[in-house]
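Plus 75 on top of the position in the sequence shown (first one is 1) and you've got the numbering used here.
Notes follow once the structure below has been shown.
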Amino acid sequence: MSGFEFLRVERRDSILRVTIDRPEQRNPLSTDVLGELRRAFAEAAADETLRAAVVTGAGDRSFAAGGDLKEFDRLRSPEDAGRLWSHANEALRAVREFPLPVVAALNGVALGGGAELAVACDFRVAAPHAAIGFIQGRLNICTGFGGGADLVALVGGHRALSILIGAETMPAVRAREAGLVDEIAADGESLEQCVERFLQPLCAQAPQVLRAFKTIVLSDRLALPRVQREQRERQALIETWIHPDHWQASDRFLSRSPRGAA
């Protein structure tokens, strides 16, 4: 994929890889970066051969250092703040609602808006030195990219409120204990190797099945009514049921099991 100034967007095998590429500035989430994030995920959403996406930052210091404060400093009116929220929310919604699992590879600190980007993803894999911080309270603001709702959905309201009030930067181990990180690279294991290990179960599933699983989980995450969630699951079942991959797997199973039960 080409035409990106602030991101590196590439496909390796069946994985979309998106890298925020402003390491000299600690990968801030400027309006341009946010716009490119939205476009990268929107353009890849229709690729039915993909299995997952990975988001990371260039270098080893910062996943994303939050909003670009130098740029945002001039946005002082209610209208400016509202437009910023809408622009950022559209970007993170494209990540959150991507039809396949999205993994945040935390190569360094994820602060403020960067923490919001991390929790917009489905999973978070971290380098041992990585950290995540909902530090918005230090600037006397709240979450602004839609990440507050994601944080509550991830860890529950009580813990989310504690995290937001504390405004701390949590090292990877503490973040895992808090439910913010799923996996940390082991001793002697690079972040890239950890991500590849984490992706192995995903890569073992067919793309259309992963899309079905994501549909089911996303329906709950979006707090859709029960009837609507069931309808989405019904449609996902139909699409996977009639797919040739299902019948090939069924034939293999039946050839091994005379009882024919799943």
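Where a beta carbon is used, it is the ideal one built from N, C-alpha and C, also for glycine.
Ordered list of beta strand (DSSP E) runs contained in the segment 109–163, each at least 3 residues: 127–132 and 137–139
Contact between the segment 96–113 and the segment 136–153 (3+ Cβ pairs under 8 Å): yes
Which listed residue (G222, P246 and A247) has its alpha carbon closest to that of A235: G222
Three-state class that DSSP yields for T94 in the structure shown: strand
I207, buried or exposed, once every other Cβ within 10 Å from all chains shown has been counted against 16: The C-beta of I207 has 16 or more other C-beta atoms within 10 Å across all chains shown, which makes the residue buried.
Three-state secondary structure (DSSP) of T290: helix
Residues bridged to L104 (per DSSP): G142
Those residues which DSSP pairs with F198 across a bridge: Answer by DSSP bridge pairing, in chain order: V178.
Length of the line joining the Cα atoms of R149 and D155: Cα to Cα, the separation comes out at about 9 Å.
Option nearest R83 by Cα separation, candidates P174, A193, C217 and G134: Selected option, being the one with the closest Cα: G134.
For A185, three-class secondary structure by DSSP: The DSSP-derived three-state label of A185 is strand.
Length of the line joining the Cα atoms of R301 and Q280: 26 Å
Rounded C-alpha distance that separates V270 from V200: Answer to the nearest angstrom: the Cα atoms are 7 Å apart.
Closest by C-alpha distance to S294, when choosing among I90, E165 and E172: E172
Rounded separation between G183 and T106 - CA only: 21 Å
Limits of the unbroken beta strand (DSSP E) element including L82: L82 to R87
Candidates I313, L266 and C217: closest to T131 by CA position: With distances taken between Cα atoms, T131 lies closest to L266.
Assumed close pair T124, S77 - CB separation to whole angstroms, cut-off 8 Å: Actually they do not touch by this definition, with Cβ atoms about 19 Å apart.
Of the residues L285, A298, F198 and Q306, the one placed nearest V256, counting alpha carbons only: F198
Three or more C-beta pairs below 8 Å linking the segment 273–287 and the segment 298–318: yes
8 Å Cβ cutoff met for F209 and A190: yes
C-beta atoms of F81 and E118 nearer than 8 Å: Result no, Cβ atoms of F81 and E118 do not sit closer than 8 Å.
Rounded straight-line distance, which links the Cα of V248 to that of E264: 16 Å
Residue span of the alpha helix (DSSP H) that contains P276, given as start and end: L266 to C278
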